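Data block below; observations after.
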Amino acid sequence: MTQIRASGLSKSFGGSPVLSGIDLALPAGAFLALLGPSGCGKTTLLRLIAGLELADAGTLQLGDRTVAGPAVHVPPEARALGMVFQSYALWPNMTVAGNVDFALQSRLPGPPRRARTAEMLQAVGLGHLADRRPHELSGGQRQRVALARALAPSPQLLLLDEPLANLDAHLRHRMLAEFRRLHTATGTTFILVTHDQDEAMAVATHIAVMDGGRIAQMGTPETLYRRPATPMVARFIGHGATLPVEVLAHDAGRCRIRLGNGRLELPGRAAPGPGWLCLHREDLRLAQGSGHLRAEVLSHSFQNGTWLTHVLPRDAELDLLSLSLPEPLSLGAEIGIDIVQGWVIEETAAAPAPLPEAAHA
Amino acid sequence: MAAELPIGRLFGDRRTGGGERMLALLLCLYVGIITIWPLGQLLLTAFQPGREGEALGVLRDTLAARATGRAFWNTLTLSLISVAVSTTLGVALALAVGLLRMPLRATLSFLILMPLIIPSQTLALSWIELMGAQSPILRPLGLAPAPGAGNPLYSRFGIALVMGIEHMPLVFIAVRAALRSVPADLIEAARIAAIPPRRILFRVILPLTYPAALAGALLAFTAAVGNFGIPALLGIPGRVPMLTTLIYQRLNGFGPSVAGQVAVLALILTLMAVAALLLRSAAMRRLRVPVEAGRAFQPTRPAPLWAQALIWAGVLMIAILPLSALVLTSFTPAIGVPFSLEIASFEQYRRVLANPAVLRAFQNSLVLSALAAAICTAAALPLAYLATRRPSPALALLDLTADAPWVVPGTVVALAMILAFLPPLPLIGISLYGTGAIILIAYLARFLPLVLRPVAAAASAGDPAQDEAARIAGIGLLRRIGRIFTPSVAPVALAGAVLILMTAMNELTLSALLWSSGRETIGVMVFSLQYEGNSTAAAAVSVLSTLLLIALCALAELLLGRRDAAALPWRA
Ligand SMILES: Nc1ncnc2c1ncn2[C@@H]1O[C@H](COP(=O)(O)OP(=O)(O)OP(=O)(O)O)[C@@H](O)[C@H]1O
Ligand SMILES: [Mg+2]
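Chains A and B are the protein sequences, given in the same order.
Take the first sequence: its position 41, counting from 1, is numbered 41 in the UniProt record's numbering, and each next residue is one higher.
Take the second sequence: its position 453, counting from 1, is numbered 453 in the UniProt record's numbering, and each next residue is one higher.
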């Protein structure tokens, strides 16, 4: 089973760098969600892994085989992988069964091919639509055909580029469950590109957050949630917020920090000096007294059984914070907030290093 | 690795597979033989030294000759006058059809396009029959010129008028398309702002059509400069030499010894045509007003009766009367006998159908056109595939050069073919001149863009991921082209093939210079019959070829089915 190892992968288009020095190691059978804002290079990285683009520098190994590197380029068809495109890219002149069958033509002879096609269509629940054409299917059904087609040759690695972007919310959840089921059933390594962090958290064993052509952090969903490496990751994952703080001391994985006039001790790994406090909703409590922060209530809405309340900290440099409360507060009221948990990082872990000038290989 | 060599880069990067390189190389070879080699020969010939070896001697001698100056001047002025005719008629008709609501608009559009669909030699012939002393239409009305007075169209006026009418549809199509793309929102917004209809017309709608009218006019100029059929049928008897007919007459009279001279004339023609096209693309870039795509506006004003009458009178004059004159003439049993119902007969048809040369011409044209359509399409598919899915410098260049023979006038292409293929071929030692092969090669070169352009446009609008998905599945190159790419562009490819078939069946310009005994085409047949003075037989052959063409159009509609037929040229 595949293990992906990328080191120093770089790619630029017409002189402007899109990926710079991507390092990535993924164990076999993992489900990696590649997460990041629009334009950060997710699709480009996926296409590099598929062999549809050429890297300017760096190497890529799938299993123990080097498939891209200086003077090496293994073409996509020889990389034993499958891909689901954002547009699905179904072949419109072929039926549903025809699409799966055609994708197997270079791998299997006639009779076993037909059996495999039927089996795959059953697996994605489309057995009854085998003779339809793609344009006669709904978005979710097309998605399933694309999945069946990509998984039919039993690839060791499946790449999915924003496969859910064109589906409605309800269907998304169904398809996510489907992905998880197929991942478990096939044992194939999955890489799913998305810019929706809820989607990523829902399915992945690993998440890589990309930012400006680099991988800002990679780890398990819990690591990214609890111990973000950069403020960007902290804000991106789990609707997080960051507050500028001063780190006073650091000892055995805990930091003493000053926030405004208050002092607290929280887990973190920042050396003394300026730093960031990374917070989630559940780290904040309504204070009885003045609390660690004073803030003004801006708005609230009733969601999932609690009142999601947005507040603006008094200190103007601070971001908007939100917390879940059992009761609504009156708008404009001034409240105190206690910080009960959090994660402290250094200020130098700020925005990822700017991209270097185009690295021409 | 070979891929690292510069020569390898020319055909793609490391992603480009060996099969793809091989195919690209083959296509380079193909376009090289049918296009680059002949046009290169033409340039070499035009720039060759004079008889005493002085540099560019032929070029200087030819440019200094009085005949050159006269032909250039005629070509320039008559083309300009014809453009004025085309633009006036084309804009007026497009506005009328596009802005007024009236019955039978589709029929009207089709009739307006007629002059473009029927070949120029047939159009010239129809006008000759309409305006001549024996005119079956003007004579009964007492409007025909006196016998012996000569046909008024054998003159500069006649050439400019008929060329103007023939190229009118180019302006019509451009302006009509511009009107179609005016979004309804723009007009509704003006209505809501209480702007009177007349001002909406002049300030909102019309300004959006000016660039299209200019573009259409420049296209009409290019077409007029390169026209051969009309100057040949009207200008040769009228002693009005144009560049295309001068090349034809020189080559016919003196043979290959004047190759240098005529190559220079061809160069002048090319420069005129290319200048107009460059101006056109510059104007399009500068003047184009991007409008949001949206629901197209539909004319709401019903056309007043007088306007409808005027439009139908115009269309009658342009499309129906000349063709009727041609048809009636073809029913006259002998030359010089005025047409009347009592003597009308199928005698001419019987006679031309019994003429083996005529039958041979039909057969030659059909075979050559069908071959040209098939081979061009077969070449355009992989070329468009590689150019859009595996772009490389070599393919970009190839894609560009493939257009050249369509951009330059047909006479120039024909001359280039003579220069390249008159000398015996290397290795086999035989000359293609005097065989059907030289006509076929000329067709292949000239008509390739008619299918390549639409296929390449459809390909670049298509989803490249369909091909990538097949690649990942390990489907080989030829299968990807055959099973994924070709079906995705099949309707436009078929429409392109039909367009080639029609255009090649209609053409005279290329075969007029390239035909030889036994290798006549329909165009050549009509031209020679008329040239011999057998105008009634020429009329009958023209009518037959038009019928054949209409039958082919109907067949294409039938074969393509309702949805795909929308891509056919006459549906534009
Ligand atoms: N073929 C190309 N030519 C030129 N620039 C490209 C090409 N492909 C991608 N880019 C550029 O590279 C950058 C990253 O593109 P990419 O498609 O990888 O982003 P993405 O993270 O997938 O974004 P999205 O979430 O919007 O899909 C973008 O700025 C894009 O404009
Ligand atoms: Mg993307």
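We treat Cβ as the ideally placed atom computed from N, Cα and C, and that holds for glycine.
These numbers come from a predicted model, not from an experiment.
Best match in the options for proximity to residue i [C-alpha to C-alpha]
i: P27 of chain A; options: A:R47, A:S12, A:G36, A:I4; result: A:I4
i: A287 of chain A; options: A:S7, A:R79, A:I339; result: A:I339
i: N151 of chain B; options: B:L427, B:L450, B:P237; result: B:P237
i: I33 of chain B; options: B:I438, B:A459, B:A556, B:R66; result: B:I438
i: L452 of chain B; options: B:V498, B:R483, B:D463; result: B:V498
i: T546 of chain B; options: B:A461, B:T88, B:I428, B:S330; result: B:S330
i: R156 of chain B; options: B:L186, B:L450, B:P241; result: B:P241
i: L138 of chain B; options: B:R295, B:I117, B:P290, B:P338; result: B:P338
i: I118 of chain B; options: B:L323, B:A354, B:L395; result: B:L323
i: residue 398 of chain A; options: B:L359, B:R14, B:E52, B:N74; result: Lying before the first or after the last residue shown, residue 398 of chain A is absent from chain A, which here runs from 1 to 361.
i: S460 of chain B; options: B:P391, B:W406, B:L89; result: B:P391
Proximity below 7 Å, CB of residue i to CB of residue j
i: V96 of chain A; j: V145 of chain A; result: yes
i: I81 of chain B; j: A160 of chain B; result: yes
i: S10 of chain A; j: L19 of chain A; result: yes
i: L46 of chain A; j: L159 of chain A; result: yes
i: G496 of chain B; j: L508 of chain B; result: no
i: A46 of chain B; j: A263 of chain B; result: yes
i: L218 of chain B; j: L279 of chain B; result: yes
i: S369 of chain B; j: A504 of chain B; result: yes
i: E162 of chain A; j: V193 of chain A; result: yes
i: A89 of chain A; j: D463 of chain B; result: yes
i: Y385 of chain B; j: I472 of chain B; result: no
i: L326 of chain B; j: E129 of chain B; result: yes
i: S345 of chain B; j: P356 of chain B; result: no
Per DSSP, the bridge partner or partners of residue i
i: Q61 of chain A; result: A:R5, A:T66
i: G336 of chain A; result: A:R294
i: S10 of chain A; result: A:A57
i: M175 of chain A; result: DSSP, once it has assigned bridges, lists no residue as partnering M175 of chain A.
i: C553 of chain B; result: C553 of chain B is not bridged to any residue.
i: C278 of chain A; result: A:T242, A:W343
i: S154 of chain A; result: In DSSP, S154 of chain A forms no bridge with anything.
i: L19 of chain A; result: A:K11
i: D313 of chain A; result: Before going on, a small fix: residue 313 of chain A reads as Pro here, not Asp. According to DSSP, P313 of chain A bridges with A:A295.
i: R258 of chain A; result: A:E246, A:R263
Classification of residue i by the beta-carbon crowding that lies within 10 angstroms, buried from 16 upward
i: A309 of chain B; result: exposed
i: Q122 of chain A; result: exposed
i: T411 of chain B; result: buried
i: M22 of chain B; result: exposed
i: M1 of chain B; result: Any reading at M1 of chain B is ruled out, since the residue's pLDDT is 41, under 50, leaving its predicted position unreliable.
i: A351 of chain A; result: Interpretation of A351 of chain A is limited by its pLDDT of 43, a score under 50 that renders its predicted location unreliable; no figure is taken from the coordinates.
i: R239 of chain B; result: exposed
i: L399 of chain B; result: Rather than Leu, the amino acid found at residue 399 of chain B in this sequence is Asp. Its Cβ being crowded by 16 or more others within 10 Å, D399 of chain B is buried.
i: S16 of chain A; result: exposed
i: G18 of chain B; result: exposed
i: A554 of chain B; result: exposed
i: H239 of chain A; result: exposed
i: N252 of chain B; result: exposed
i: A458 of chain B; result: buried
i: H360 of chain A; result: Here the model assigns H360 of chain A a pLDDT of 38, short of 50, so the residue's position is not dependable, and the following value carries that caveat. So H360 of chain A counts as exposed.
i: L266 of chain A; result: buried
i: residue 615 of chain B; result: Nothing can be reported for residue 615 of chain B: it is not among the residues displayed for chain B, which extend from 1 to 572.
i: D101 of chain A; result: buried
i: W127 of chain B; result: buried
i: L559 of chain B; result: exposed
i: W276 of chain A; result: buried
Residue i CB to nearest heavy atom of ligand 4 below 6 Å
i: T270 of chain B; result: In terms of ligand content, the structure shown lacks ligand 4 and carries ligand 1 and ligand 2 instead.
Under 7 Å by beta carbon: chain C residues contacting residue i
i: N93 of chain A; result: Protein chains A and B are contained in the structure displayed, whereas chain C is not.
(request) Could you name the residues of the stretch 451 to 466 of chain B whose beta carbon sits closer than 8 Å to any beta carbon of chain A, in the order they occur along the chain? (result) So the close ones are D463, A465, Q466.
(request) Return the residues of the stretch 109 to 134 of chain A that lie within a Cβ-Cβ distance of less than 7 Å from chain B, sorted by chain order. (result) Sequence-ordered contacts of the stretch 109 to 134 of chain A with chain B are nonexistent [C-beta pairs closer than 7 Å].
(request) Residues of the stretch 12 to 27 of chain B with a CB closer than 8 Å to any CB of chain A: list them in chain order, please. (result) In summary, the residues of the stretch 12 to 27 of chain B whose CB is separated from some CB of chain A by less than 8 Å are D13, R14, R15, G17, in the order they occur in the chain.
(request) Could you run through the stretch 279 to 305 of chain A and flag, in chain order, every residue whose CB is less than 7 Å away from some CB of chain B? (result) The stretch 279 to 305 of chain A vs chain B, Cβ under 7 Å: nothing.
(message) So if I threshold CB-CB distances at 9 Å, which residues from the stretch 12 to 40 of chain A count as touching chain B?
(response) Of all residues in the stretch 12 to 40 of chain A, none has a Cβ within less than 9 Å of some Cβ in chain B.
(message) Closer than 8 Å between beta carbons: that is the criterion. Which residues of the stretch 465 to 480 of chain B meet it against chain A?
(response) Flagged, chain order: A465, Q466, E468, A469, A470, R471, I472, A473, G474, I475, G476, R479.
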